[in-house]
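Asker:
Numbering (our numbering), first residue to last: 39 to 235.
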């Protein structure tokens, strides 16, 4: 009996954490990370300020959960596995392009929040670097797995993929210029094939 109560409480606590993170994501995107207070997040989430502090402690911890939820909802880990499992070079690059596009279309607002938050404390910058490093490791692993098929050295190929994946490129083409995500995905895939194979 006590175990089931504990499990229910844990579920409630996790649901509250997610609600707070979603409220914070909306406020960070609208008002900026630095300008958003814990009080404002609590009000938006419909909880007491002390609940936010109890659930997270700092805005940085909320930002970490926002990132984790975004990657989870985008299926980032699973789809990266599918890309790595592909053996045909052009198909792998097309899947790598789809992985990137899906990541951005599922939460480009999170990418922009991260960019804005880099002006904050050293601890926040370290968190953001670690999250970005995870994305870069996946991208580098995809390219490294194609070593025998590449027309350029691996390091150069990895740099090209990361350059095409730079948030500013997606922002310019999709957000500013009105490309569809499909057009962006095709452009990345074609560019990768031309440059790397």
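In this text, a Cβ means the ideal position worked out from N, Cα and C, and glycines have one as well.
In the structure shown, what three-state DSSP assignment does residue 95 receive?
Answerer: Stepping through the chain shown from its first residue, residue 95 is reached at position 57. Three-state DSSP puts residue 95 in coil, outside helix and strand.
Asker: Can you tell which of 155, 104, 60 has its C-alpha closest to the C-alpha of residue 83?
Answerer: Your numbering for residue 83 matches position 45 in the chain shown. Residue nearest to residue 83 within the set 155, 104, 60 is 60 (criterion: CA-CA distance).
Asker: Does the distance between the C-beta of residue 141 and the nearest non-hydrogen atom of the ligand NAD fall short of 7 Å?
Answerer: This structure simply doesn't include the ligand NAD, nor any ligand for that matter.
Asker: Can you tell me where the alpha helix (DSSP H) with residue 210 in it begins and where it stops?
Answerer: In the chain shown, counting from the first residue as 1, residue 210 sits at position 172. Neither: residue 210 is in no alpha helix (DSSP H) and is coded neither H nor E.
Asker: Using 8 Å as the threshold, is the C-beta distance between residue 134 and residue 121 below it?
Answerer: By one-based count along the chain shown, residue 134 stands at place 96. By one-based count along the chain shown, residue 121 stands at place 83. Yes; because the gap between Cβ atoms is below 8 Å, this pair is in contact.
Asker: In whole angstroms, what separates the C-alpha of residue 47 from that of residue 204?
Answerer: Locating residue 47 in the chain shown gives position 9, where the first residue counts as 1. Locating residue 204 in the chain shown gives position 166, where the first residue counts as 1. Using only the alpha carbons, I get a separation of about 41 Å.
Asker: Return yes when the Cβ of residue 165 is within less than 8 Å of the Cβ of residue 102, no when it is not.
Answerer: Here residue 102 refers to the residue found at position 64 when the chain shown is read from its first residue. Here residue 165 refers to the residue found at position 127 when the chain shown is read from its first residue. Yes, Cβ-Cβ distance for residue 102 and residue 165 is below 8 Å.
Asker: Terminal residues of the continuous alpha helix (DSSP H) containing residue 142?
Answerer: Taking the chain shown and counting its residues from 1, one reaches residue 142 at position 104. Where residue 142 is concerned, the enclosing alpha helix (DSSP H) stretches over 127-155.
Asker: Pick helix, strand or coil for residue 190, following the three-state DSSP scheme.
Answerer: Looking up residue 190 in the chain shown gives position 152. Three-state result, residue 190: coil.
Asker: Can residue 112 and residue 138 be called in contact, C-beta distance under 8 Å?
Answerer: The residue you call residue 112 lines up with position 74 of the chain shown. The residue you call residue 138 lines up with position 100 of the chain shown. No. Outside cutoff.
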